[in-house]
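Each remark here refers to the structure printed beneath this line.
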Amino acid sequence: MQIDNSASSRSMSQEIETIKKNQSEMLDLENTMVEIKQNMDTLNSKADIMEERISNIEDKNKEMLQLEEERELRLKRSEESLQETSDQIKKCSIRITGIQEGEEKENGAESLFREIIAENFPNLRKEMEIHVTEASISPNSVNVKRPTARYIVVKLKKVNDKEKILRAAREKKITYKLTSIRLLVDFSAETLHSRRD
1 MQIDNSASSR
11 SMSQEIETIK
21 KNQSEMLDLE
31 NTMVEIKQNM
41 DTLNSKADIM
51 EERISNIEDK
61 NKEMLQLEEE
71 RELRLKRSEE
81 SLQETSDQIK
91 KCSIRITGIQ
101 EGEEKENGAE
111 SLFREIIAEN
121 FPNLRKEMEI
131 HVTEASISPN
141 SVNVKRPTAR
151 YIVVKLKKVN
161 DKEKILRAAR
171 EKKITYKLTS
181 IRLLVDFSAE
191 TLHSRRD
């Protein structure tokens, strides 16, 4: 029986060793599980932070896109305003040369211009209503080195009207009371200076 006891004692001691070993492995596994859980918590926390950052970046991106759209809209409005200002600044004046001295005194410069349009461009007159904002005779300036005839300057309300009239004037010979005259764009310094005053 003693042999059995010692065999039994050895067997128990092996079982105890196995249990201790298993217990130690279980503790190691438990520690590993705790580490894994901590790592998962850290990763989840980092993922939450990243999601928040991404969300913030997306919000900022939306704001930037909206600001860019608003800037483009303001730029477009500014360009349109600049174009309108440019159209207003553009010369709307036509210079009429070749009229005999004194013709404009009878009816006035505007009336003379309307007669020229009616005589030379009857279709154009029907096609559009010509608005004259100003009509005047050039100042009586004398250049000793170069003889200069006086001319009539007619300022129209719309640049398009001026362009249509000048386009039509290029296509045919213009006359007034059987005298050849010319319609030109007015680029004179005198006119610019007199308008500033």
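Per the UniProt record's numbering, the very first residue in the sequence shown carries number 1; after that it's consecutive. Just so you know, even glycine gets a beta-carbon here, dropped at the ideal spot from N, CA and C.
#### Entry: Burial state of Lys-155 (16 or more Cβ within 10 Å)
buried
### Task
Assign Asp-48 to one of three DSSP states: helix, strand, or coil.
helix
### Task
Can you tell me which of the three DSSP states Glu-129 falls into?
coil
#### Entry: Pair within 7 Å by beta-carbon distance, Arg-150 and Ile-137
yes
### Query
Start and end of the alpha helix (DSSP H) containing Leu-166?
159-171
### Query
What's the gap between the Cα of Ser-111 and the Cα of Glu-171?
23 Å
#### Entry: Cβ pair Ile-96, Ile-130 closer than 7 Å
no
### Task
Just list the alpha helix (DSSP H) runs in the region 37-117, keeping only unbroken ones of 4 residues or longer that don't cross its boundaries, in chain order.
103-107
### Task
Just grab the DSSP bridge partners of Val-185 for me.
Ile-94
#### Entry: Local Cβ density within 10 Å of Asn-123, reported as buried at 16 or more and exposed below that
exposed
### Query
Can you give the beta carbon distance from Ile-94 to Leu-183, rounded, assuming they're within the 8 Å contact cut?
5 Å
### Query
Which term fits Thr-191, buried or exposed, when burial requires 16 or more other beta carbons within 10 angstroms of its beta carbon?
Note on Thr-191: pLDDT 49, under 50, position unreliable in the model; no value is reported.
### Query
What do you get for Asp-186, buried or exposed, if any count of 16 or more other CB atoms within 10 angstroms of its CB means buried?
buried
### Three-state secondary structure (DSSP) of Glu-15
helix
#### Entry: Alpha-carbon spacing of Ala-7 relative to Ser-24, whole angstroms
25 Å
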